[in-house]
Each structure stands twice: as structure tokens, then as C-alpha cells.
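Following: one structure in C-alpha cells, then a few remarks.
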Amino acid sequence: MSRKTTNQKAWLFVLPVVVLVAFNALIPLMTVVNYSVQETFGNNVFFFEGVKWFEEVLHSERFHASLLRQLTFTSIILIIEIPLGVAIALTMPRKGPWVSVCLVLMALPLLIPWNVVGAMWNIFALPDIGLLGKTLNSMGFDYDYTQQPLSAWFTVILMDVWHWTSLVVLLAYAGVSSIPEAYYQAAKIDGASSWAIIRYIELPKMKRVLTIAILLRFMDSFMIYTEPFVLTGGGPGNTTTFLSIDLVKIALGQFDLGPAAAMSLIYFMIILLLCWLFYTLMMKDEEK
Amino acid sequence: MSLEFKNIVKRVDSETHIYATDLKIEDGGFNILLGTTLSGKTTLLHLMAGLDKPTSGELWFNGKNVTGVPAQKRNVSMVHQQFINYPNFTVFENIASPLRISRMPSPEINSRVQKVSELLKLTPLLQRNPSELSGGQQQRTALARALVKDADLVLLDEPLANLDFKLREELRDELPRIFGDRHCTVVYATSEPSEALLLGGHTATLHEGRVTQFGETSKIYRHPKDLQSAKVFSDPPINSAKIEKQGGTFTLNEAISWPVLEKHNTMRDGTYTVGIRPHHISTLAGSENMTSIKGKVVTTEFSGSESTVHFGVGDQTWVSQSRGIHPIEIGATTDFYLDISRCLYFDTNNELVSL
Chain U
0 MSRKTTNQKA WLFVLPVVVL VAFNALIPLM TVVNYSVQET FGNNVFFFEG VKWFEEVLHS
60 ERFHASLLRQ LTFTSIILII EIPLGVAIAL TMPRKGPWVS VCLVLMALPL LIPWNVVGAM
120 WNIFALPDIG LLGKTLNSMG FDYDYTQQPL SAWFTVILMD VWHWTSLVVL LAYAGVSSIP
180 EAYYQAAKID GASSWAIIRY IELPKMKRVL TIAILLRFMD SFMIYTEPFV LTGGGPGNTT
240 TFLSIDLVKI ALGQFDLGPA AAMSLIYFMI ILLLCWLFYT LMMKDEEK
Chain Y
0 MSLEFKNIVK RVDSETHIYA TDLKIEDGGF NILLGTTLSG KTTLLHLMAG LDKPTSGELW
60 FNGKNVTGVP AQKRNVSMVH QQFINYPNFT VFENIASPLR ISRMPSPEIN SRVQKVSELL
120 KLTPLLQRNP SELSGGQQQR TALARALVKD ADLVLLDEPL ANLDFKLREE LRDELPRIFG
180 DRHCTVVYAT SEPSEALLLG GHTATLHEGR VTQFGETSKI YRHPKDLQSA KVFSDPPINS
240 AKIEKQGGTF TLNEAISWPV LEKHNTMRDG TYTVGIRPHH ISTLAGSENM TSIKGKVVTT
300 EFSGSESTVH FGVGDQTWVS QSRGIHPIEI GATTDFYLDI SRCLYFDTNN ELVSL
């Protein structure tokens, strides 16, 4: 018994973390859980509704459409950014004065705040005065991201690729520059082609950092809010309304706290599930 | 089979990595490049492999000038200090990879891989991935890959350096058997004199980008051409000091002198440098050719069966290595016994005095 009482001291040391996590994550999350199972009226009047909101959200066509848009967007940017990032990393110099120049250039887009990126592209892509919009139009393309869904998607994707490919580049570059010179010498002696070097040495050696790159890009793009919100505001119509934008519209625009809370939780679960799936699939070989 | 360096120089920017080098490796077999880190071993291997081009000079292999020929056209193979294998190939595919690149038919690849994996004891591991192997097994795989294509020239760049002691000994003992009946020239770079002696063959001693001596390993160990070669080929480093020969006596300082042996009688009087290997200085009195000298003990190291004592001689520190454990107090002045018949004498140009 006495041993047990002396052990209680340990709680003191854990306390700061418990408090931090409680205020940071648990309490806000539980508030959301609280909203998600109740109907909210004015004057703080609540009625318990059980899983009604969850059922409603899961069956709503609006949610399905946003989720589909979100998945499409995330897939497209992963398909573009990962290979492009790897390709850029492979062509970057490995030594010499240009290394730091390239690294700084690559890091630049990552340093710009998200809403600034949105605002920049908003102006850059304006069809009448923006450099991009004007150029595309004068080249004969019918481009107007404020009116046409296709233009809007093109702009949102281009903006994300511009903003975030650098992250993939930096991670892939770290992976590729940690490969010992001897691997390249061995391949040279064998007479391996440059494609074989990429396929059988560089890519396998980059596997771990690429896993991290894919996970980071997946999570970030799945939660994307600020940039498309500033750029298109989710429009034209609903065509670039991704999950987080839709969520904010429901919660703050319509003030439907119940459905919004339920949607938040579902959204959270989807991200958690997909990340876990990605990670286990990609790490399957490593565990052998 | 022969490999010849003709006046080869290698400079990178303004730094000279290899000074004008002439080296002729005649009859194939096992050749060792012995030198410390940055002595130019790896640069020489890269030049031999064709991974690097010499700044000037020519490289001849089997009677052909191969100076500008790139690595993949030379039929060489190389094993590195790090364990280099294709990470997502099985051991079998790793060993087969050079043959696949040269588009050899599958049945022949199979039989060759089987044969070489038996030689290297890899047969039960053929379906594994390199990441599932121990360091020793990974290096065996790399060795197998180097052997499977029957290269004319096999280059080994400190292949055992990253292995732990037990595995290193095990693989080193096997090397002569592995290369025994192969018709190829082997060049093995190492920084350990004891490894060179164990492997035999021929040795080239390297110091700061120069080949100081080349010859049969045991011969150059016993008769280093100059002080530098002797230093490279001694671990712990050879003890040396200036001495004066006057008539029948060598004098190191007021306190230390010893008689000139009969075989050294032909040496003229004058100043020399004496070199004596640590294991020819003992803390125990021994046979007739021993001269006792006094030294102040600086540090002592005891391994299982050897005592290494660092002691002061004049203003220098010498090392003595003797069998058995002989505890000696640090700071004490004690007798050391020098086997003067094993002393090497170098003239003022640091060249060995021929006897």
C-alpha cells in the first residue's frame, strides 16, 4: 500500500501535459461531440437528438458532393505533386554553390501565409487584369475562374501545386542526398542505365521520406480551407466547395450547429481512417 | 595479366590527390594497397575502375591503354566499405544484376549465381532482401555480385572495415579461398598493416598520394625501402630516433647507446635514423642481442595477452609491446629491452641502409 501512495507523485509530472491536451484537444472535441447529439435553440436550450444529425449528414447529397469534390481534389494534387516533386529533387544539383540557391528558391513558396497565397492567385488569375488570366485569354483560351467550374478547378490545383510541391521536393531531396556515393559507383560499374538508377536505387532509398511526404500532403490537402476560400469562395456555385468550406458554411453561415458538429466528427474520422490506411499499406514491406 | 600505372597524376582543383605514380602489377593475384585514411587508396581504386580519369598519365590493362575507357566497359567489379546492394532486390537478384544488364540467358545466370552463392555460403539466403541480412551477409552478397561476372579486375575498398571483429576475421580467413582459383587481379585497399600481412600477396604502401614501395608483402614488411614505408607498415607506428654511429657504438643520447653488430659493420660513421617496431622492445630481459634502455612510463594498455607501454626516450615517446601482462606503474622509470638485431637503420635521406 505504501508503495502505491508514493507513486502518486508521478501524476504531478504528467499534469502539465494532461492540462495542455485537455484544453487543446479533449475539451474542444467534447464540445463538438456535445453539439453533435443535440438540437440547439436560442437562449441555450438544448434537446437530445441521439444520432439524428449523423444520419442526416451521412445521407445528405450535399455532403456526398463535397466529399467527392474533396477526394477528387486530393487525388489530383497527389498525382501531380508527388511525381513532380521527386522529378525536381532528382534534377537538383547534389553539391556546389547552386545547392543553397535551389533550396532557398524551393523554400520560398512555403514561407508565404496561406491567405496571402490565395489573395496573390486571386489577382494573378483575374481574367481581365491578372497576368495569368489575361495571358490565357489572349492565347485564345476561354478562361474565367469566377464563372467557369473548369477554370476554377484549374486555378485551385495550379495554386496548390505551386504552393506545396516544394515540400515534396525538399523531403525527396533530403532522401536522395542521403544515398552514399558508393551506390552510384556500383551502378556505374554494373553499367546500369539512369532509369535503372532511379528505379532500383533512388526510389527505394527515398521510400520512407516519400511516405511522409504523401501523408503530409494528403492530410493538408484534405483539410484545405484558406486558399480556395480566398481565391474562389467555394464557387462558382458550389463547384470548389471542399469539405472544410462546406463545414464552415453550415456552422457559421447557416448556424446549424448540430449537423455541423456531426459533420466535423465524420470528417475527422475519415482523415484518421485514410491516414491509417495509407500508413499501414506503405509500411507493410518495412515490417517484414 | 598486368595492370600498369604510367606516370599517373590525379589533381582535383588545385589539390593533388595522387602524385606522379608508376606502378606495375604483373602476375595478377592478390594485391594490397596499404595506407592511412586520405593516403590515396580510394583514388587509386577509382582510377583503376574507371570511375575517375587521371589528370595526366596512362593506365594500361592487359597490354591495352584503358585510360579513357569508362567503368562499364572495363570488366571490373568493386566492393565498397559500405554494404552496397539494391535495396528491393532479393539476394539472388542482387547477385544476378550485373549478368542481367549484360543480357545473359537465364539458365546460365541461374547456374552462375548458384555457384558463387555456394562459394560465399549464401545459398540458404537467396530469397531474402538485403535489409533482412546481417552486415556480414550483406557484404558477402556484395562480394558475390563482384565475383559473378568473372571480372578481370576485382577492386575491394576496405570491404571489412564496417564489419564487427568476429565477422571481419571470419570473412578475411575466407578471402584467399574465395579468390584462390580465380583468374583475376585483385586489388584490396586497407588501412591495417596486420590485415595486409594476413592476406599476403603483394603490397603497395601509400603515403599522402605517393606509392612509397611495392613488392611481396612479407618482404616489404621486413625490408621497408624507407622510413615512410616502414611507418605505414607498422601498427602501432614504428619507433624512430636520430642516432650517431661512431666506431663500434650507436649513440642515441648520453644515456642510451648500444654496440654495432657484425652485420652493421659496413655502415659508415655518421648520423642515421633508427627504426624499431614496438614488438621488438620488451619489458622483459631476453636473449643475447637485447640492450637495456631506461625509459619513463607514460601510459600502459593491456589487452588479453599483450602489454603495450608508451615510454619516454629523450624527448620522444616510444612504444613497447610484449607478450603477457606486466603491470608497470605509470611515471616510474624502468628498463626496456631492445632487440638490436631487429633495428632498421635509415640514412639521412630516410632510405634503408642496405646490408
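As you go down the protein sequences, you meet chains U and Y in turn. So the first sequence is numbered by numbering that gives the first Met the number 0: it starts at 0 and just counts up by one. So the second sequence is numbered by numbering that gives the first Met the number 0: it starts at 0 and just counts up by one. The C-beta atom is built at its ideal place from N, Cα and C for all residues, glycine as well. These numbers were taken from a predicted model, which means no experiment stands behind them.
M289(Y) and L337(Y) closer than 8 Å at C-beta: In this structure, M289(Y) places its C-beta atom within 8 Å of the C-beta atom of L337(Y).
For E261(Y), the first and last residue of its enclosing beta strand (DSSP E): Looking at the DSSP string, E261(Y) is not in any beta strand (DSSP E), and its letter there is neither H nor E.
Any chain U beta carbon closer than 8 Å to H79(Y): yes
N-terminal and C-terminal residue of the alpha helix (DSSP H) that S192(U) is part of: Taken as a continuous stretch (DSSP letters only), S192(U) belongs to no alpha helix (DSSP H), as it is neither H nor E.
Residue nearest to I339(Y) in terms of C-alpha spacing, selected from E25(Y), N30(Y), V210(Y) and L251(Y): L251(Y)
Alpha-carbon spacing of D163(Y) relative to S190(Y), whole angstroms: 16 Å
Own chain partners of M0(U) with C-beta closer than 6 Å, once the 5 adjacent residues on each side are dropped: Interpretation of M0(U) is limited by its pLDDT of 49, a score under 50 that renders its predicted location unreliable; the figure taken from the coordinates is listed afterwards. None.
Chain U contacts made by the segment 43-60 of chain Y, where a contact means CB separation under 7 Å: A48 and L50
Inter-residue spacing [alpha-carbon to alpha-carbon] between I24(Y) and P158(Y): 21 Å
is_contact[K94(U), chain Y] using C-beta, thresh 8 Å: no
Per-residue contacts from K187(U) into chain Y (C-beta, under 9 Å): A48, G49, L50, P69, A70 and Q71
Closer than 8 Å to chain U by CB, Y187(Y): At a cut-off of 8 Å, the C-beta of Y187(Y) has no neighbouring C-beta in chain U.
Euclidean distance between Cα positions of V18(U) and G257(U): 27 Å
From I211(U), I223(U) and W10(U), residue whose alpha carbon lies closest to that of L246(U): I223(U)
Alpha carbon of V8(Y) to alpha carbon of T211(Y), nearest angstrom: 15 Å
Buried or exposed by the 16-neighbour rule on C-beta atoms within 10 Å, applied to D334(Y): With fewer than 16 other Cβ atoms within 10 Å, it is exposed.
Three-state class that DSSP yields for T90(U) in the structure shown: In this structure, T90(U) counts as helix in the three-state DSSP scheme.
Between the CA atoms of S165(U) and M105(U) - distance to the nearest angstrom: 5 Å
Cβ-Cβ separation, L77(U) to R216(U) (assumed contact under 8 Å), whole Å: 6 Å
Cutoff 7 Å; reference V208(U); Cβ partners in own chain excluding five residues on either side: Here the set comprises L170, A171, A173 and G174.
G311(Y) to T54(Y) span [Cα, whole Å]: Whole-angstrom Cα-Cα distance: 45 Å.
Assigned secondary structure, K52(Y) (DSSP; H/G/I helix, E/B strand, else coil): coil
C-alpha distance - F153(U) paired with G233(U), whole-angstrom precision: Spanning the two alpha carbons is a distance of roughly 13 Å.
Any C-beta of chain U under 8 Å from that of E14(Y): no
Backbone secondary structure at S59(U) - three-state DSSP: In the three-state reduction of the DSSP assignment, S59(U) falls in the coil class.
Contact between the segment 183-195 of chain U and the segment 68-75 of chain Y (3+ Cβ pairs under 8 Å): yes
Backbone CA spacing between S133(Y) and P203(U) [nearest angstrom]: 19 Å
Chain Y contact for A191(U) (CB, 8 Å cutoff): It does: the Cβ of A191(U) has a partner Cβ on chain Y nearer than 8 Å.
Complete runs of the alpha helix (DSSP H) confined to the segment 208-275 of chain Y [at least 4 residues]: 216-221 and 226-231
T71(U) to T238(U) span [Cα, whole Å]: 12 Å
Close-in-space but distant-in-sequence residues of the same chain around T109(U) (CB under 7 Å, 5 per side omitted): Per the sequence presented here, residue 109(U) reads as Leu, with Thr not at that position. So the list reads S165 and L166, once near-sequence residues are dropped.
The segment 124-146 of chain U: positions lying closer than 9 Å to chain Y by Cβ: none
Span of the beta strand (DSSP E), counted from its first residue to its last, around D21(Y): E14 to I24 is the extent of the beta strand (DSSP E) around D21(Y).
R10(Y) (DSSP reduced to helix, strand or coil): strand
Proximity winner among T279(U), E54(U) and L67(U), relative to L214(U) (alpha-carbon distances): T279(U)
Identity of the residues DSSP links to W317(Y) by a beta bridge: F310(Y)
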